[in-house]
Amino acid sequence: MHFSDSTRPTEKHKVLIYSKRTKKRYRIKLQEIGAIAALKEVASSPDEVAAKFASEALTVIGEEVPYKLTQQVPCWTIADVQYWVKKIGFEPYAEAFAKHMVDGDLLLLLTEKELEQDLQMTSALLRKRFIRELESLKIAADYASVDESQLDQFLMSLSPELSVYTYQMLGMGLNRSLLPSLTDEMMKTVCGIHNPIHRLKLRQALQDSKHIDDIEVAILSKQIDVFISYRRSTGNQLASLIKVLLQLRGYKVFIDVDKLYAGKFDSSLLKNIQAAKHFILVLTPNSLDRLLNDHNCEDWIHKELRCAFDHHKNVIPIFDQHFDFPADTDLPADIRHITRYNGVRWVHDYQEACMDKVERFIKGELNRTPSIGQQQQVSVTSSTSSGTPQQRKTSTRWSTVKTTQKCSVSRQTQNEAPNNHHCM
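For the sequence shown, position 235 matches number 254 in the working numbering, and the numbering has no gaps at all.
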């Protein structure tokens, strides 16, 4: 095609034409493999992160982004409920839900009798299907806006199926502290737990006279072997890698990036530390900077590490190759002794050997801290050293644990050349 000077496309127009053609080409390919329908399904799901990326993908290829439902079901509007009813395959009943002005609050409290009599769902099989979808929604829902005592989190820790009763309990004024006082009759009439097996599970968890928080920690302890603490800004990738490698070796690992729910961060984190047997501290460059003079324990790594020490956890530091401890005197006194812990210097080229060393620390085959005799040896060595003043200072500050294991790292060897710590 030939253009006159007046009609010749500008560079901007060329880009727009190319962009439209590219979007159309991608859209056709994605339609052929059924990916667009899947993207729309994810984009409308309650999962915030997945929905965000799916929506962006749909926008890029020029597809309409579907209606988005929040995970906070109690806050749903009548229109939200209508959309959800259609989405799960009950479109013929959507108008009935709108007619009776069913919002998120009423949806969560809906009974089978109301489905039959008020919403005219006469088929018993259809009602069973709807109740099944509703129970799945109740388990996935976020009740943070109405659940100050985090009752739902506790019920989830007992069994996800008990989370179905959360909203009914909250509506009756129940909270976690009142759970041990519930009788079997109250569970049935007040909480709506008509399934006798569900009542039995809750009774068995509460029959011990321990405090409700102790019960939760006891339950969590069966689900967590290792807690991983790290600085998000510099240690996210290494922490995630260590989590995967531990899971491949059969350990149950907790890491906050994928286990905590919205609004439940603060109180949950410390309970998971109490429940875990082992505490891995991933030390990456500048990861302890916020701890300097943090005497009020406001930093989260400070809180996590102090909790691990207070509850006598097996603390295992893993050192990035470029990590250096700050001066001991700059660290808060309650966690300062972490500088005397032995650990593993992480070398990516030898990660399997490094993981072997981590596992030996977990199994107790290696000492976490230097023995008294070894510490005394440090003093003698440092007093007779002929090195520079800086070298003598380093000698006294670091322990001299000797090991033939090439992945072990002690405070003495931390400042030495990295080649000495390759996990060969």
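Quick reminder that beta carbons are idealized off the backbone N, C-alpha and C, glycines included.
Per DSSP, cross-strand counterpart(s) of residue i
i	result
F246	F273 and F298
I337	V301 and V363
Assigned exposure category for residue i - 16 Cβ within 10 Å defines buried
i	result
S196	exposed
I47	exposed
A346	exposed
I299	buried
R250	buried
D166	buried
D343	exposed
L198	buried
V263	exposed
S398	Since pLDDT at S398 reaches only 36, below the 50 mark, its modelled position is unreliable, and the value read off the structure follows with that caveat. Burial call: exposed.
E332	The question names Glu, yet the displayed sequence has Lys at residue 332. By the 10 Å Cβ count, K332 comes out buried.
Q172	buried
V68	exposed
K376	buried
E323	buried
R222	exposed
A12	The structure shown does not extend to residue 12, since the chain is modelled only from 20 to 443, so the question has no answer here.
Residue-level contact to chain C via CB, residue i, 7 Å cutoff
i	result
N386	The chain inventory of the structure shown lacks chain C, comprising one protein chain alone.
CB of residue i within 7 Å of CB of residue j, strictly
i	j	result
A115	L145	no
P179	I212	no
F273	N255	no
P85	G123	no
L126	V100	yes
T97	A117	In the sequence under discussion, the amino acid at residue 97 is Ile, which differs from the Thr named in the question. For I97 and A117, yes; Cβs fall inside 7 Å.
A327	S240	no
T303	T253	yes
D353	R325	yes
K220	Q242	no
L58	A70	no
E152	I216	no
I337	V363	yes
M175	S168	no
Inter-residue CB distance, residue i and residue j (contact presumed, cutoff 8 Å)
i	j	result
V245	H297	5 Å
Check: residue i C-beta below 6 Å from any heavy atom of the ligand GTP
i	result
M175	With respect to the ligand GTP, the structure offers nothing, as it holds no ligand at all.
Note to self: To test your reading of the DSSP string, which unbroken beta strand (DSSP E) runs of 3 or more residues are found completely within the segment 147–203?
What the structure shows: The DSSP assignment places no complete beta strand (DSSP E) segment of no fewer than 3 residues inside the segment 147–203.
Notebook entry, point to check: Considering only residues of the segment 69–112, which uninterrupted beta strand (DSSP E) runs meet the minimum length of 3 residues and lie entirely inside it, listed in chain order?
Noted result: none
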